[in-house]
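**Student:** What follows is a structure written as C-alpha cells; I'll ask about it next.
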Amino acid sequence: PQPILLANYTVPSYLVLKTDLTFDLHDDQTRVTALLTLQRNPQAVTDVDSLVLHGSELELESIALDDRVLTAAEYQVDGESLTLTGLPSQLTLRIVTRIKPHLNTSLEGLYQSRGLYCTQCEAEGFRKITYYPDRPDVMSEFTTRITADRQRYPVLLSNGNLVEQGELDGGRHFAVWHDPFKKPAYLFALVAGDLSFIENHFVTRSGRDVTLRIYVEAKDLDKCDHAMDSLKNSMHWDEEVYGREYDLDIFMIVAVDDFNMGAMENKGLNIFNTSCVLAKPETTTDVGFQRVEAVVAHEYFHNWSGNRVTCRDWFQLSLKEGFTVYRDAEFSADMGSRTVKRIEDVALLRTLQFAEDGGPMAHAVRPASYIEISNFYTLTIYEKGAELVRMLATLLGPEKFREGSDLYFDRHDGQAVTTDDFVQAMADVSGRDLGQFKRWYSQAGTPRIEVSDHYDEDALEYSLTFRQSCPPTPENTNKQPFHIPVKTGLLGTAGDLPLRLKDHPVDTETSDNTSIVLELTEAEQTFVFQQVHEKPVPSVLRGFSAPVKLHYSWQREDLITLMSRDSDGFNRWEASQQLALRVLHDLMQEASLATVSAATEEAIAALIDALQSVVQDETLDPAMVAYMLTLPTEAYISELATVIDVDAIHQARQYLQGRIAHALKSAFVSIYQRYDHQQAYRADARGIADRSLKNTALHYLSLLDDESWIETCYEQYRAASNMTDAMAALTRLVNTDNPLAATLAENALDNFYQRWQQEPLVVNQWFSVQAGCNLPDTLAQVKKLQKHPAFDSRNPNKIRALIGVFCNNNAVNFHRLDEQQQGQGYRFLADEIIRLNKQNPQIAARLLTPLTKWRKYDETRQQLMKAELQRILQEELSRDVYEVVSKSLA
Ligand code: HT7
Ligand code: ZN
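Under the numbering used here, residue 951 is the last one in the sequence shown; the count climbs by one each step, no gaps.
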C-alpha cells in the first residue's frame with residue numbers, strides 16, 4: 062500500500078450541496094439509495110470535470126446522472142472508488158448500492174451489534190455504505206429516510222431533527238431525519254433497533270429547549286443517570302466557559318456493545334461504546350464513572366470543536382481531537398480536583414504517549430503521511446495534541462485564549478480547516494508571533510530539557526539555564542528548537558519566593574508574583590532572577606506546562622522540600638515520584654534484594670520518612686496522598702529505561718512496596734480503620750478520593766506477611782456495596798502469592814461470575830482482573846478464559862479486557878523468558894493479530910502495540926518479538942496491520 066501525503070492535498074473538484082439517503086433494512090441485505098446534488102467547486106484549481114467517489118465492499122445496483130441510468134462504460138470502478146468524467150458543472154447522481162451489515166465484522170460502516178443496526182463512519186467508514194466523496198472537506202446537508210420491520214426495529218434514528226414517520230405495508234415503518242447543518246460524511250449516523258431511552262431536557266442560555274435522550278437496551282435503563290448528569294453538566298459548562306450553545310432540538314446518545322473505540326460524535330446522534338455510557342455504583346468502578354463523564358463531555362464538546370468547525374483533511378485530525386481533549390480535561394478538572402486530574406493525564410502522557418513518540422510509530426501531531434488513517438487515532442494526536450492547546454492557553458493567558466477560541470469558531474463556522482487556522486486565530490487575538498510554536502505540530506518526538514543553575518550569593522542572583530534538544534524520529538531527524546513555556550517558581554525556606562526576572566518585564570496576564578512562565582525558544586537560554594536572598598530550590602515545569610522530559614539534578618533534600626512545601630500540587634506529586642524512582646533505580650542495581658547496600662538503605666529510609674510526612678499532612682487531599690504513596694508504575698519505569706529489564710523492574714517495585722508496607726503499617730491501619738465502610742457511595746471527588754486512599758492502604762497492608770489482611774480483603778470483597786471496593790479487594794486476592802489468598806481468590810472469582818454473568822461490562826472486569834494477574838501461569842489461564850462461554854472473540858471490549866490487558870498490563874507474564882514459557886506471550890499475541898487481521902483490522906492493528914516496542918528489550922526478547930512480527934508480515938495483511946508491522950520492523 063502507498064502512503065497518502067499531506068503535501069498532495071488538493072481541494073475537492075465537486076461540492077455536494079445535498080445528500081438524500083434512503084436505507085431499506087432487510088435481514089439479508091440493506092439497500093441504500095443516495096441522491097446527491099453536486100456542483101463544481103469554484104475553488105478547484107483547474108477546470109476539472111471528473112469526480113472520484115469512494116466506495117468499498119459495495120454491490121452497485123445502478124447509477125444515474127440527472128435521471129439517466131449510466132452504462133458500465135460510462136464510469137470506472139475499482140475496489141476503492143468509482144470515477145466519473147466529462148461532468149457538467151451542476152448535476153444530480155442517484156446511486157443504488159447493496160450492503161450486508163450482518164456480515165460486517167470490521168465495525169466500520171453499517172453493522173449489527175446484538176441485533177441493533179448502527180454505523181461508524183469516522184474516519185472512512187461512509188464509503189462502506191455508498192459511493193461518496195468520503196473526505197472531511199466535502200460538507201453537505203443530509204436527509205435520511207430509514208425503512209425497517211416495525212416490530213424488531215421500533216426505533217429508527219439518524220442525525221438532526223425528526224421530520225416524518227409512519228407505517229408501511231408488510232409490518233414495516235419509516236422515519237425521516239433532516240440535519241440542517243452541513244457536515245462531512247464521517248459524522249453521518251444511523252441506528253435501528255429495539256431500544257429504550259431515558260429523557261431529560263436542557264434549556265440553552267438563549268432559551269431553547271433541547272430534548273436529551275439516552276437509548277440503551279431495556280435492561281440497562283438503570284445505568285444511564287450518570288451519563289445524563291454528565292451531559293447536562295457539559296452543556297452548561299460549554300456555555301459558561303466557551304460561550305458555545307447546542308444547536309438542534311434533540312441530542313441523542315445510543316449505547317452499543319460492539320464498538321472499536323470509546324464513542325463517536327455524530328451530529329446530534331452520538332454513538333457510544335456501552336463502557337462509556339453505563340454506570341451504577343454496584344457495577345462500575347470510580348474510574349469507570351470518571352470515564353463516562355469525560356467521554357460524554359468529549360463527544361458533546363465535539364459539536365463545536367469538530368462538527369461545526371471540522372478538519373480539512375485527516376492530517377488535521379488533532380485540530381478537533383487535541384482541542385476537544387483539552388476541553389474535556391478542563392471540564393473534568395472543574396468537576397473534580399484540578400491537580401488530581403492533571404496528575405492522571407500527565408501519568409498517561411508520560412507513560413504511553415512518550416513511548417509512542419520514541420518508538421517506530423512516532424509521528425507529528427500533524428503527520429505528514431499515513432497508510433491507514435485509522436492507525437493515527439493515537440495518544441500523540443489526542444493527548445499530545447491537547448498539550449499543545451494547553452501550551453497555547455498558558456502562553457496567551459485565559460482571556461486571550463478565550464478570545465482566540467471565539468474568533469476561531471466565528472471565523473470558521475461551517476468550514477473544514479487546518480491546525481494552522483487554529484493557531485492563526487490565537488495569534489490574531491494576542492498579537493503574538495506563534496510561527497515557532499507551530500513546530501510542535503510538524504516535529505515529532507519528545508523534547509528533552511537539561512536544567513542547570515547557579516546561585517551568586519554576593520549579587521543575590523539566581524540563574525537557571527535550559528538546554529533543549531529532541532531525539533530523531535522516523536520522519537524527521539534534524540529538529541529545530543521548540544517554543545516551550547516552562548512555568549517556574551523558586552522555593553525558599555519559608556515557601557515560594559517573590560520573582561524578579563532580570564531584563565524580562567513580568568507579564569501580569571500569565572504570571573503571578575511567585576510563578577512565571579519562562580519561554581524557551583533557543584537551544585540554550587539562561588534566565589536570571591534578582592534579589593534572591595537565599596539559595597532556592599527550583600520548582601520548574603509547574604503543572605507540567607509542556608510535554609517534555611525535564612532533567613535537573615535535584616538533591617534528595619530538594620525533592621523532600623518540594624514534596625512537602627511546593628505551592629504547585631503537581632510538582633509535589635512529581636517530587637514524590639522522582640524520589641521513589643531514584644530508590645527503584647538503586648534497587649535495580651543491587652546484586653540481590655536479600656541484602657541491600659547501606660547507601661540504598663539510606664535512600665529507602667529517606668523515602669519512607671517523606672511518605673510518613675505525606676500521610677500525616679492533614680491539609681492534603683486524600684487523593685493526592687494516595688497518588689504520592691503510589692510508586693511509579695512498571696510501565697513508566699520502562700518508558701524511562703534505555704533497555705527495559707522487565708524482571709528487575711517488577712522485583713524492585715515489589716520489594717519497595719513491601720518495605721513501605723512494613724514501615725508505614727500503623728499509618729495504613731489507621732487509614733483503613735478510620736474509613737467509614739458504611740457510608741453511601743458517591744461518585745464525587747471526595748468520595749473517589751477517600752476510597753482511593755483507603756484502597757491504597759489496603760493494598761500495602763495485603764503485602765504484609767499477615768494473613769489477617771488477606772481475610773480483610775476477602776471481607777471487603779464480600780461486603781462491598783460498590784464495584785470500586787469489590788475490585789480493589791479482588792485484585793489483591795488474585796495477585797497475592799499465598800495459599801489462603803489463592804483459595805479466597807478462587808471463591809471470590811466464582812462468586813463474582815455467578816453474580817454478574819448477565820452484565821457484559823462487569824464480566825469484562827472479571828476477565829481483566831485475571832488477565833492482569835502477576836503470578837505465573839497467567840497465560841494458560843488467559844487461554845482457558847478465551848474458551849469461556851462469556852468470551853466473545855468478535856467483541857472489542859472483550860478482546861481488550863482479556864488479550865489487551867495481558868499483553869499491555871502484565872509485563873512479567875507477557876515477556877516471560879523461563880524455559881517453558883519463553884516467547885509464548887509474543888506467539889499468543891501474534892496468533893491473535895493474524896486472526897483479527899481479517900475480522901477487524903482496526904482492533905488488530907491497535908493490539909499490536911506491545912510487539913512494536915521490541916527495540917527496547919534485551920537481545921533475546923528482541924529476537925523473539927521480531928520473529929513474531931516477521932511471521933505476521935508473511936500473511937496477506939490489511940492496510941492497518943501492514944502499516945504498523947512494516948513501520949515497526951523498518
Ligand atoms: N472521533 C471519534 C473517533 C472514532 C473512531 C476512529 C476510528 C475508528 C473508530 C472510531 N470510533 C470513534 C471518537 C472521538 O475522539 O471522539
Ligand atoms: Zn474526539
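By construction, the Cβ of each residue, glycine as well, lies at the ideal position given by its N, Cα and C atoms.
A quick note: this is a predicted structure, and the numbers were derived from the prediction, not measured.
According to DSSP, is Thr-785 helix, strand or coil?
**Tutor:** Within the sequence shown, numbered from 1, the residue matching residue 785 stands at position 724. The answer is helix: DSSP assigns Thr-785 an H, G or I state.
**Student:** Does the region 792-811 come close enough to the region 827-840 to have 3 or more Cβ pairs within less than 8 Å?
**Tutor:** They touch, by the three-pair rule.
**Student:** Flag this pair as touching only if the region 370-380 and the region 395-403 have three or more C-beta atom pairs under 8 Å; answer yes or no.
**Tutor:** no
**Student:** Using only the heavy atoms of the ligand ZN, determine whether one of them is closer than 7 Å to the beta carbon of Glu-382.
**Tutor:** The count along the sequence shown starts at 1 and reaches residue 382 at position 321. Of the heavy atoms belonging to the ligand ZN, at least one sits nearer than 7 Å to the Cβ of Glu-382.
**Student:** Just the Cα atoms here: how many angstroms apart are Phe-384 and Ala-447?
**Tutor:** Translated into the one-based positions of the sequence shown, residue 384 becomes position 323. Translated into the one-based positions of the sequence shown, residue 447 becomes position 386. Near 6 Å, if we compare the C-alpha coordinates of Ala-447 and Phe-384.
**Student:** Whole angstroms are fine: how far does the CA of Ala-862 sit from the CA of Phe-828?
**Tutor:** Taking the first residue of the sequence shown as 1, we reach residue 828 at position 767. Taking the first residue of the sequence shown as 1, we reach residue 862 at position 801. One C-alpha to the other measures close to 6 Å.
**Student:** Excluding the 5 residues preceding and the 5 following Tyr-438 in the sequence, name in chain order all residues of the same chain whose CB lies nearer than 6 Å to its CB.
**Tutor:** Start at 1 with the first residue of the sequence shown, and residue 438 comes out as number 377. For Tyr-438, where only same-chain residues beyond five positions count, there are no Cβ hits under 6 Å.
**Student:** At what residues does the beta strand (DSSP E) containing Thr-94 begin and finish?
**Tutor:** Locating residue 94 in the sequence shown gives position 33, where the first residue counts as 1. That run of the beta strand (DSSP E) goes 91-101.
**Student:** Is Asn-222 helix, strand or coil by DSSP?
**Tutor:** Counting from one through the sequence shown, the residue named residue 222 turns up at place 161. Three-state DSSP puts Asn-222 in a strand.
**Student:** I need the straight-line Cα distance from Phe-390 to Pro-533, nearest angstrom please.
**Tutor:** For this step, residue 390 is matched to residue 329 along the sequence shown. For this step, residue 533 is matched to residue 472 along the sequence shown. Here residue 390 turns out to be Ala, not Phe, going by the sequence shown. Approximately 30 Å between the Cα atoms of the pair.
**Student:** If contact is defined by three or more beta carbon pairs under 8 Å, each pair taking one atom from either stretch, is the region 519-530 in contact with the region 485-492?
**Tutor:** With a cut-off of 8 Å, the region 519-530 and the region 485-492 do not count as touching, because too few Cβ pairs lie within range.
**Student:** Just mark Gly-329 as buried or exposed, buried being the case when its beta carbon has 16 or more other beta carbons within 10 Å.
**Tutor:** Stepping through the sequence shown from its first residue, residue 329 is reached at position 268. When all chains shown are included, Gly-329 counts as buried.
**Student:** Would you say Thr-385 touches the ligand ZN, meaning its beta carbon is less than 7 Å from a heavy atom?
**Tutor:** Position 324 of the sequence shown, counting from 1, holds the residue named residue 385. At least one heavy atom of the ligand ZN is nearer than 7 Å to the Cβ of Thr-385, so yes.
**Student:** Could I get the ranges of all uninterrupted alpha helix (DSSP H) runs contained in the region 170-256, with 4 residues as the minimum, in chain order?
**Tutor:** Counting whole runs of 4 or more residues, the region 170-256 contains no alpha helix (DSSP H) stretch at all.
**Student:** By the DSSP assignment, the alpha helix (DSSP H) with Ala-125 in it spans what residues?
**Tutor:** Mapped onto the sequence shown, residue 125 falls at position 64. That residue, Ala-125, is in no alpha helix (DSSP H); its beta strand (DSSP E) goes 120-126.
**Student:** Helix, strand or coil for Leu-67 per DSSP?
**Tutor:** The sequence position of residue 67 within the sequence shown is 6, counting from 1. Here Leu-67 sits in helix by DSSP.
**Student:** Is any heavy atom in the ligand HT7 found nearer than 7 Å to the beta carbon of Ala-324?
**Tutor:** Position 263 of the sequence shown, counted from the start, is the residue given in the question as residue 324. Answer for Ala-324: yes, Cβ within range of the ligand HT7.
**Student:** For the ligand HT7, is there any heavy atom lying closer than 7 Å to the beta carbon of Glu-651?
**Tutor:** Along the sequence shown, read from residue 1 onward, the residue named residue 651 stands at position 590. False, no ligand heavy atom lies under 7 Å from that Cβ.
**Student:** Is it true that the CB of Met-313 sits closer than 8 Å to the CB of Phe-263?
**Tutor:** Mapped onto the sequence shown, residue 263 falls at position 202. Mapped onto the sequence shown, residue 313 falls at position 252. No.
**Student:** Would you say the region 785-800 touches the region 737-756, given that touching needs at least three Cβ pairs under 8 Å?
**Tutor:** yes
**Student:** List in chain order: all unbroken alpha helix (DSSP H) runs of 4+ residues lying wholly within the region 463-538.
**Tutor:** 480-491 and 500-503
**Student:** Hey, quick one: how far does the alpha helix (DSSP H) through Gly-140 stretch, first residue to last?
**Tutor:** Counting from one through the sequence shown, the residue named residue 140 turns up at place 79. Here Gly-140 belongs to no alpha helix (DSSP H), and DSSP marks it neither H nor E.
**Student:** Verify whether the separation of the beta carbon atoms of Tyr-697 and Arg-411 is less than 8 Å.
**Tutor:** Translated into the one-based positions of the sequence shown, residue 697 becomes position 636. Translated into the one-based positions of the sequence shown, residue 411 becomes position 350. A contact, by the Cβ cut-off of 8 Å.
**Student:** Buried or exposed: where does Thr-571 fall if 16 or more other Cβ atoms within 10 Å of its Cβ makes it buried?
**Tutor:** Sequence index remark: in the sequence shown, residue 571 carries index 510 (1-based). Because Thr-571 carries a pLDDT of 48, less than 50, the predicted location of this residue cannot be relied on, and the following value inherits that uncertainty. It counts as buried.
**Student:** Pairs of beta-carbons, one from the region 90-106 and one from the region 146-156, closer than 8 Å: are there three or more?
**Tutor:** yes
**Student:** Could you give the C-beta distance for Ser-219 and Thr-205, rounded to a whole number, given that I count them as a contact under 8 Å?
**Tutor:** Residue mapping note: residue 219 aligns to position 158 of the sequence shown, counting from 1. Residue mapping note: residue 205 aligns to position 144 of the sequence shown, counting from 1. The C-beta distance from Ser-219 to Thr-205 rounds to 4 Å, short enough to fall under 8 Å.
**Student:** Throw me the rounded Cβ distance for the Val-873 and Gln-831 pair, which I believe falls under 8 Å.
**Tutor:** Start at 1 with the first residue of the sequence shown, and residue 873 comes out as number 812. Start at 1 with the first residue of the sequence shown, and residue 831 comes out as number 770. The Cβ separation is near 15 Å, so there is no contact.
**Student:** Do Ile-721 and Tyr-761 count as a contact pair if the criterion is CB distance below 8 Å?
**Tutor:** Position 700 of the sequence shown, counted from the start, is the residue given in the question as residue 761. Position 660 of the sequence shown, counted from the start, is the residue given in the question as residue 721. Taking 8 Å as the Cβ cut-off, Tyr-761 and Ile-721 qualify as a contacting pair.
**Student:** Tell me the DSSP secondary structure of Asp-81 in three-state form.
**Tutor:** Position 20 of the sequence shown, counted from the first residue, corresponds to residue 81. It is a strand residue.
**Student:** Just the C-alpha distance for Lys-243 and Leu-810, rounded to the nearest angstrom, thanks.
**Tutor:** In the sequence shown, counting from the first residue as 1, residue 243 sits at position 182. In the sequence shown, counting from the first residue as 1, residue 810 sits at position 749. Between Lys-243 and Leu-810, the C-alpha separation is close to 51 Å.
**Student:** On the DSSP letters alone, give me the boundaries of the alpha helix (DSSP H) that Ile-860 sits inside.
**Tutor:** Sequence index remark: in the sequence shown, residue 860 carries index 799 (1-based). From DSSP, the alpha helix (DSSP H) with Ile-860 extends over 857-860.
**Student:** Determine the direct distance from the alpha carbon of Gln-638 to that of Ile-669, and round the result to whole angstroms.
**Tutor:** If you number the sequence shown from 1, residue 669 lands on position 608. If you number the sequence shown from 1, residue 638 lands on position 577. For Ile-669 and Gln-638, the distance between alpha carbons rounds to 13 Å.
**Student:** In its own chain, which residues sit with a C-beta less than 7 Å from the C-beta of Leu-229, not counting the 5 before and 5 after it?
**Tutor:** For the purposes of this step, residue 229 is taken as the residue at position 168 of the sequence shown. So the list reads Thr-208 and Phe-235, once near-sequence residues are dropped.
**Student:** Determine the extent of the beta strand (DSSP E) in which Asp-270 is found, giving its start and end residues.
**Tutor:** As a first step, residue 270 is located in the sequence shown; it is residue number 209 there, counting from the start. 270-277 is the span of the beta strand (DSSP E), which, as asked, contains Asp-270.
**Student:** Quick check: the Cα distance between Gly-458 and Phe-590, rounded to an integer number of angstroms?
**Tutor:** As a first step, residue 458 is located in the sequence shown; it is residue number 397 there, counting from the start. As a first step, residue 590 is located in the sequence shown; it is residue number 529 there, counting from the start. Approximately 22 Å, taken between the alpha carbons.
**Student:** Distance check for Ser-74 and Val-109, CA to CA, integer angstroms please.
**Tutor:** Mapped onto the sequence shown, residue 109 falls at position 48. Mapped onto the sequence shown, residue 74 falls at position 13. Cα to Cα, Val-109 sits roughly 6 Å from Ser-74.
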